[in-house]
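K.L.:
Below is one structure. I have some questions about it.
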Amino acid sequence: MPRPLSRCVASMRMRKVKWAVEYLEQSQKKAAHPEENRGAWRSGNTKLHVELGCGKGNYSLEMAKLYPDDLFIAVEKNESAAGIAAKKFDESECENLILIHGDAADLNLWFAEQEIDVLHLNFSDPWPKKRYAKRRLSSAGFLEVYQSLLSKNGEIQMKTDNGPLFEFSVIEFLNAGFILSEFYVDYRRDPHPEDAVTEYEEKFIRLGQPIYRCVFKRGDGAK
Ligand SMILES: C[S@@+](CC[C@H](N)C(=O)[O-])C[C@H]1O[C@@H](n2cnc3c(N)ncnc32)[C@H](O)[C@@H]1O
Numbered sequence: 025m026p027r028p029l030s031r032c033v034a035s036m037r038m039r040k041v042k043w044a045v046e047y048l049e050q051s052q053k054k055a056a057h058p059e060e061n062r063g064a065w066r067s068g069n070t071k072l073h074v075e076l077g078c079g080k081g082n083y084s085l086e087m088a089k090l091y092p093d094d095l096f097i098a099v100e101k102n103e104s105a106a107g108i109a110a111k112k113f114d115e116s117e118c119e120n121l122i123l124i125h126g127d128a129a130d131l132n133l134w135f136a137e138q139e140i141d142v143l144h145l146n147f148s149d150p151w152p153k154k155r156y157a158k159r160r161l162s163s164a165g166f167l168e169v170y171q172s173l174l175s176k177n178g179e180i181q182m183k184t185d186n187g188p189l190f191e192f193s194v195i196e197f198l199n200a201g202f203i204l205s206e207f208y209v210d211y212r213r214d215p216h217p218e219d220a221v222t223e224y225e226e227k228f229i230r231l232g233q234p235i236y237r238c239v240f241k242r243g244d245g246a247k
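When we follow this note's numbering, the leftmost residue of the sequence shown carries the number 25, and every step to the right adds one.
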C-alpha cells in the first residue's frame, strides 16, 4: 500500500544541514553580492533563466547541462537547501550556473528591468491558508515585479502537483496581463526530455500524481 500523500510530503521537509552556513561562505558558485551584478548577468546573446525556490538545485543543474549556452541562476532562501545546492553546483563542471542564497522578495535588488528571459517556478510552496496568499510566488505582488524584470519575449514556466495552487496561479497570471502559451494537466504523460525533472517532481511522479504545467508570456500590457 502506498503511504498517504500527506505523510510523504511531510517527510520531504528539509532537515537542518550543519555544514551549510560554513559551506555557503566559501562556495565558488554562490553569488556573494548579487546586487553588484544587477543589469550585468548576461553576456552577448546568453539567455538568462532564474529559478525561484530551487530547493537542492537539481533542476537548474540539469538544465544548465542541457542548455550550456544559457545562464541559470537558482534562488533559494532556506540555508540548508541552499548549502546542498551550492555544493552540487561547485562539484559540477557547469560554468553557466549560479546560486543566490536569498528571498525571492528581493528579486528586484539583483535583476534590472527586462533582464530575465525565463522565470521558473517549480513546486512552489502553496501557502494554502488565505491569510498567507501573498507569500505565494505566483501572487499579484510578485507578478508585478516579474512583469518588469522579464524581457520583452520573456516568460514564466510553472510546474506543480497542487491543483488549487495551479488554479490560483493561472488566474493571477491572466489578471496580471500575462498571455497563456502552454497548459498541461498531466505534463509527464509524455517524457519531455527538454525539461529537467525537479526533486519534488520526481517524488510526485513516483506517487502517480499528475504534474500541472503552464507557460505564460509577458503580455504587451506589461509596463
Ligand atoms: C516545495 S520546495 C520545491 C523545491 C524545488 N523547486 C523542487 O521542485 O524540487 C519549495 C522551495 O522554495 C523555497 N522558497 C519558498 N519561498 C521562497 C522565497 N520567497 N524565496 C526563495 N526560496 C523560496 C523553499 O525554501 C523550498 O526550498
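Every residue gets a Cβ at the ideal spot worked out from N, C-alpha and C, and that includes glycine. Quick caveat, the model's predicted, so the values are computed rather than measured.
(1) On the CB-based measure, 16 or more other CB atoms within 10 Å of its CB, does Ala-128 come out buried or exposed?
(2) What are the start and end residues of the alpha helix (DSSP H) that includes Gly-165?
(3) Contact check, Cys-238 vs Glu-206 under 8 Å by CB: the rounded distance?
(4) Using a Cβ-Cβ cut-off of 8 Å (strictly less than) and excluding sequence neighbours within five positions of Ala-34, which residues of its own chain qualify?
(5) With C-beta atoms as the reference, is Ala-106 less than 7 Å away from His-125?
(6) Just how far apart, CA to CA, sit Gly-63 and Pro-150?
(7) Between Ala-110 and Leu-48, is the Cβ-Cβ spacing less than 7 Å?
(8) Would you check whether ligand 1 has a heavy atom nearer than 6 Å to the C-beta of Ala-220?
(9) Taking Phe-190 as part of the beta strand (DSSP E), name the residues at either end of that continuous run.
P.N.:
Reading off the structure:
(1) What you label residue 128 is simply residue 104 of the sequence shown in a count that begins at 1. Buried, because 16 or more other Cβ atoms sit within 10 Å of the Cβ of Ala-128.
(2) Along the sequence shown, read from residue 1 onward, the residue named residue 165 stands at position 141. 164 to 173 is the span of the alpha helix (DSSP H), which, as asked, contains Gly-165.
(3) To locate residue 238, count along the sequence shown from 1; it is residue 214. To locate residue 206, count along the sequence shown from 1; it is residue 182. Right, the Cβ-Cβ distance comes to about 6 Å (below 8 Å), so this counts as a contact.
(4) Looking up residue 34 in the sequence shown gives position 10. Summary for Ala-34: the model assigns pLDDT 43, below 50, so the residue's position carries little reliability, and this model does not support an answer.
(5) Position 82 of the sequence shown holds residue 106. Position 101 of the sequence shown holds residue 125. Yes, the Cβ-Cβ distance between Ala-106 and His-125 is below 7 Å.
(6) Within the sequence shown, the letter at position 39 stands for residue 63. Within the sequence shown, the letter at position 126 stands for residue 150. Taking the straight line joining both Cα atoms gives about 30 Å.
(7) Taking the first residue of the sequence shown as 1, we reach residue 110 at position 86. Taking the first residue of the sequence shown as 1, we reach residue 48 at position 24. Contact flag set, yes.
(8) Position 196 of the sequence shown holds residue 220. Ala-220 Cβ: outside cutoff for every heavy atom of ligand 1.
(9) One-based indexing of the sequence shown puts residue 190 at position 166. Taken as a continuous stretch (DSSP letters only), Phe-190 belongs to no beta strand (DSSP E), being part of the alpha helix (DSSP H) at 187 to 199.
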